[in-house]
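Chemist: Okay, so the sequence shown: first residue is -8 according to the numbering used here, each after it adds one. Cβ coordinates follow ideal geometry from the N, Cα and C atoms, glycine included. All values reported here derive from a predicted model rather than from experimental measurement.
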Amino acid sequence: MLSADVYAARRQAVLDKMQDGQAMLLLGAHHHLRNGDAEYRYRQSSDVLYVTGWEDPECAVLLRKGHKKPFTLFVQPKDPEREVWTGRRAGEPGAIADFGADQAFPFAQLKLQLGELLIGTRELFYAAGLDAGYDTKVLGSFAKVRRKARDQGQVLPDAFISPGRILHELRLFKSSAEIALLRRAGDITAQAHHSAMAMAQDGVFEYELEAVVDYTFRRHGGSGPGYTTIVGAGDNANILHYIVNNAPIRDGDLVLIDAGCELNNYTADVTRTFPVSGRFTAPQKELYGLVLDAQLQCIAACSVGHTFADVHDTAVRVLTQGMVALELLKGDVDELIETKAYKKYYMHGTSHWLGMDVHDVGSYVASGGSRPLEPGMVLTVEPGLYVPAADSDAPERFRGIGIRIEDDILVTLGEPDVLTAACAKSIEQVEAACQG
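Structure, rendered in C-alpha cells:
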C-alpha cells in the first residue's frame, strides 16, 4: 500500500479539477460468491483504491468541492463478532485516523446520510446506470431530503457525470511511485515466465506451468495474477483468451504464456512464446523472428511525437510485409492492409493502457483522432501471429503455430522505457531460459 500522503494528494487533484457545487461519489465493488457459500478473494474497485487505498467491501467515497469536510467514507463498522469470521475491520475510527477521512459513517447508512450531505450540490460525478442496486440507494437518498432542500432554498444534484472524466485522466498518467510498482511487478513476472520455460517438457500439463507462474507471483510478494493466466500449448496458442489450461504439452510444440503479477493493486502484463524442446524449429523461428521484429519497431514508436494508433499501424505494416514474404498472404501490402486481410492471422489490437487494471482506464482518442503519447503513460505492446492447425490456406510448416510477444512500456521524454525488460525475449535468450 502506498503512503497516506499519496492518497491525500490524489484526492486533492480530483477536487482541484472539480467546480464549486460539484461532488464525486465512488462505490466499492461487490463481494461475490464463487459457489454455495464459498467466496472469491475480494478485490476493491480500482477507482476507490486510487483515491483511498481502502481494500474492504461495503465502501463508498464522497468527495465534495469547497466543503469543510470534503472527504467522507462509508465503511463496514467495527463488529467483533463478524470480525472473528471475516477478518479485522478498520471501521469508522480507522477510516478517519488511518485513511484520512474527514468523517465516516457505516455503509448501511449510505441511503440515509447521502442526501443530507449533497444538499447544495448541483452536479454529481457518479457512474449511473452501472449498478441498479446502487442507483436505487442514491436516488432514494435524494427523495428523502428533496422537500428539506426545497424549503431551505437549496438544490440537489440534477445531473450525473461520469467520474472517469476526471479520475480516469488522472489514472492514465503514472507517478514515480506507480512506475516503481509496475517495474517491480514486471521483474516478478519475468521470474515467473523463466520458471515456466525451465519447467516445460514433453508430458507436462498446461496447468502445471500455470501453477508455477502463479506460485512465483505470490512467493515474491505479489497478490497473485492480475488477470487469469493463459497457458496455451501447440494449437491452443491460437485461442486468444485460452484459460482452460488443461492440455498436455508435447515436444515440438510452442507454448504461449500470457501472465502478469499484481503487486499492491498494480499489474504487469507479459506474454512470451517458447519451444518445449528448448530449441525453435526453423518454421517457428521464422514466425517468431517476424513477430519480434514487429514488436521492437512498435516499442520504438512508443514515444512523444507518435499517437496510440501509430503503434498498431506499425505492427500491421511490419507483420503484413512479413506474411507476404512468408507466403501466408498474397498480394500488394498496401491493399492487404486497406482490406484488413492481415486479420486472418493478426486479429487483435497491439496495445492497451496498463496500471491498476490490466486494460486500464483512459481515453484512446483526443480532438477527434488517435491520442498523442505523452510522458507518464504506460501501454502494452503485443503483436502476434496465429496460424490454426486446420488452416489449409497457410503453408504447411506454419500450421498450428501461435506466437505473441508482449511487454509493458513507459512513455518518457526520451527513449521508451521497457518496464518488463528483465524477461527473456530474443531467440537466444528464450532458448537459454528453456535450458534452465
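From the DSSP secondary-structure annotation, give me the bridge partner or partners of W344.
Modeler: Stepping through the sequence shown from its first residue, residue 344 is reached at position 353. Bridge partners of W344: L370.
Chemist: Rounded to whole angstroms, what is the Cα-Cα separation between F152 and G313?
Modeler: Numbered from 1 along the sequence shown, position 161 holds the residue referred to as residue 152. Numbered from 1 along the sequence shown, position 322 holds the residue referred to as residue 313. Position check: residue 152 holds Ile in this sequence, whereas Phe was assumed. Distance between the alpha carbons of I152 and G313: 46 Å.
Chemist: Skipping 5 residues on each side, what residues in its chain have a beta carbon closer than 8 Å to that of T298?
Modeler: Position 307 of the sequence shown, counted from the start, is the residue given in the question as residue 298. Counting only Cβ-Cβ distances below 8 Å, and skipping sequence neighbours, we find G360, S361, R362, P363 and L364.
Chemist: Name the residue from G194, G375 and G124 whose alpha carbon lies nearest to the alpha carbon of L310.
Modeler: Stepping through the sequence shown from its first residue, residue 310 is reached at position 319. Of the listed residues, the one whose Cα sits closest to L310 is G375.
Chemist: Using only alpha-carbon positions, find the residue among A292, I110 and A380 that is nearest to T403.
Modeler: The residue labelled residue 403 in the question sits at position 412 within the sequence shown. Of the candidates A292, I110 and A380, the one whose C-alpha sits nearest the C-alpha of T403 is A292.
Chemist: For my contact list, L40 and E46 are in at a C-beta cut-off of 8 Å; report their separation, rounded to the angstrom.
Modeler: By 1-based counting over the sequence shown, the position of residue 40 is 49. By 1-based counting over the sequence shown, the position of residue 46 is 55. Their Cβ separation, rounded to whole angstroms, is 7 Å, which keeps L40 and E46 in contact under 8 Å.
Chemist: So within the stretch 192 to 257, which uninterrupted beta strand (DSSP E) runs reach at least 3 residues, ignoring any that extend past its ends?
Modeler: Taking only runs of at least 3 residues, the beta strand (DSSP E) segments lying wholly in the stretch 192 to 257 are 221 to 224, 245 to 250 and 252 to 254.
Chemist: Have a look at D244 and D323 and give me their C-alpha separation to the nearest angstrom.
Modeler: As a position in the sequence shown, residue 244 is number 253, starting the count at 1. As a position in the sequence shown, residue 323 is number 332, starting the count at 1. Their Cα atoms are separated by approximately 32 Å.
Chemist: To the nearest whole angstrom, what separates the beta carbons of R113 and G12, a pair I think is in contact under 8 Å?
Modeler: The residue labelled residue 113 in the question sits at position 122 within the sequence shown. The residue labelled residue 12 in the question sits at position 21 within the sequence shown. 4 Å between Cβ atoms; contact.
Chemist: V52 and L101 - do their beta-carbons sit closer together than 7 Å?
Modeler: As a first step, residue 101 must be located in the sequence shown, where it is residue number 110. As a first step, residue 52 must be located in the sequence shown, where it is residue number 61. No.
Chemist: Give the single residue among A150, G393 and A14 whose Cα lies nearest to the Cα of G280.
Modeler: Residue numbering aside, residue 280 sits at position 289 when the sequence shown is read from its first letter. Residue G393 is the option with its Cα nearest to G280.
Chemist: Going by Cα to Cα distance, which pick from Y125, G111, P266 and L370 is closest to K56?
Modeler: One-based indexing of the sequence shown puts residue 56 at position 65. The shortest C-alpha separation from K56 is found at G111.
Chemist: Starting from E160, follow the beta strand (DSSP E) in both directions and report where the run begins and ends.
Modeler: Along the sequence shown, read from residue 1 onward, the residue named residue 160 stands at position 169. Note, E160: premise wrong, no beta strand (DSSP E); alpha helix (DSSP H) at G155 to L163.
Chemist: For the alpha helix (DSSP H) holding T305, just list the boundary residues, first then last.
Modeler: Counted from its first residue, the sequence shown places residue 305 at position 314. Where T305 is concerned, the enclosing alpha helix (DSSP H) stretches over F299 to A316.
Chemist: Taking only the alpha-carbon atoms, compute the straight-line gap between V(-3) and L410 and give it to the nearest angstrom.
Modeler: Mapped onto the sequence shown, residue -3 falls at position 6. Mapped onto the sequence shown, residue 410 falls at position 419. Going from the Cα of V(-3) to the Cα of L410 covers about 22 Å.
Chemist: Report, in whole angstroms, the separation of the C-beta atoms of D178 and I221, which I expect to be a contact under 8 Å.
Modeler: The count along the sequence shown starts at 1 and reaches residue 178 at position 187. The count along the sequence shown starts at 1 and reaches residue 221 at position 230. About 20 Å separates the two Cβ atoms, so there is no contact after all.
Chemist: Would you call the CB atoms of D260 and T371 closer than 7 Å?
Modeler: Sequence index remark: in the sequence shown, residue 260 carries index 269 (1-based). Sequence index remark: in the sequence shown, residue 371 carries index 380 (1-based). Closer than 7 Å, so yes.
Chemist: Taking 6 Å as the cut-off, is the C-beta of L158 nearer than that to any heavy atom in the ligand COA?
Modeler: Questions concerning the ligand COA fall outside what the structure shown contains, since it holds no ligand whatsoever.
Chemist: Have a look at S36 and T207 and give me their C-alpha separation to the nearest angstrom.
Modeler: One-based indexing of the sequence shown puts residue 36 at position 45. One-based indexing of the sequence shown puts residue 207 at position 216. For S36 and T207, the distance between alpha carbons rounds to 25 Å.
Chemist: For E277, which residues from the same chain have a beta carbon less than 7 Å from its beta carbon, with the 5 sequence-adjacent residues on both sides left out?
Modeler: For the purposes of this step, residue 277 is identified with residue 286 of the sequence shown, where counting begins at 1. For E277, where only same-chain residues beyond five positions count, the Cβ hits under 7 Å are L317.
Chemist: Start and end of the beta strand (DSSP E) containing F116?
Modeler: If you number the sequence shown from 1, residue 116 lands on position 125. That run of the beta strand (DSSP E) goes E114 to F116.
Chemist: Within 10 angstroms of the Cβ of H303, are there 16 or more other Cβ atoms? Answer buried if so, exposed if not.
Modeler: Numbered from its first residue, the sequence shown carries residue 303 at position 312. H303 comes out buried.
Chemist: Tell me the residue span of the beta strand (DSSP E) that contains I394.
Modeler: One-based indexing of the sequence shown puts residue 394 at position 403. Its beta strand (DSSP E) spans residues I392 to R395.
Chemist: By the 10 Å Cβ neighbour count, where 16 or more other Cβ atoms means buried, how is P266 classified, buried or exposed?
Modeler: Counting from one through the sequence shown, the residue named residue 266 turns up at place 275. Burial call: buried.
Chemist: Helix, strand or coil for Y152? Go by DSSP, reduced to three states.
Modeler: Along the sequence shown, one-based indexing puts residue 152 at 161. Per the sequence presented here, residue 152 reads as Ile, with Tyr not at that position. Residue state, collapsed to three classes: strand.
Chemist: I400 lies in the beta strand (DSSP E); which residues open and close that run?
Modeler: The residue labelled residue 400 in the question sits at position 409 within the sequence shown. Segment D398 to L401, the beta strand (DSSP E) holding I400.
Chemist: What first and last residue would you give for the beta strand (DSSP E) that runs through Y333?
Modeler: To locate residue 333, count along the sequence shown from 1; it is residue 342. It is not in any beta strand (DSSP E) - Y333 carries neither H nor E in the DSSP assignment.
Chemist: Could you check the C-alpha separation between T305 and Y377 for me, to the nearest Å?
Modeler: Here residue 305 refers to the residue found at position 314 when the sequence shown is read from its first residue. Here residue 377 refers to the residue found at position 386 when the sequence shown is read from its first residue. If I take the Cα positions, the gap works out to 18 Å.
Chemist: Excluding the five sequence neighbours on either side, which residues of its own chain have a C-beta within less than 7 Å of the C-beta of E74, listed in chain order?
Modeler: Locating residue 74 in the sequence shown gives position 83, where the first residue counts as 1. The residues are R80.
Chemist: Return the residue from the list L103, A183, L231 and T63 that minimises the CA-CA distance to G427.
Modeler: As a first step, residue 427 is located in the sequence shown; it is residue number 436 there, counting from the start. Cα-wise, what sits closest to G427 is A183.
Chemist: Please report the distance separating the alpha-carbon of E326 from that of T180.
Modeler: In the sequence shown, residue 326 corresponds to position 335, counting from 1. In the sequence shown, residue 180 corresponds to position 189, counting from 1. E326 and T180: Cα-Cα distance of roughly 39 Å.
Chemist: Could you check where the beta strand (DSSP E) with V52 kicks off and where it finishes?
Modeler: Locating residue 52 in the sequence shown gives position 61, counting from the first residue. Residues A51 to R55.
Chemist: When the Cβ atoms of the stretch 187 to 204 are set against those of the stretch 216 to 233, are three or more pairs found closer than 8 Å?
Modeler: Flag = yes, the stretch 187 to 204 and the stretch 216 to 233 touch.
Chemist: Can you say whether G124 is buried or exposed, counting buried as having 16 or more other CB atoms within 10 angstroms of its CB?
Modeler: Walking along the sequence shown from the start, residue 124 turns up at place 133. Under this definition G124 is an exposed residue.
Chemist: What ranges does the beta strand (DSSP E) occupy inside the stretch 13 to 95, keeping only unbroken runs of at least 3 residues that lie completely in it?
Modeler: Complete beta strand (DSSP E) runs here, min 3: 13 to 18, 24 to 26, 51 to 55 and 62 to 66.
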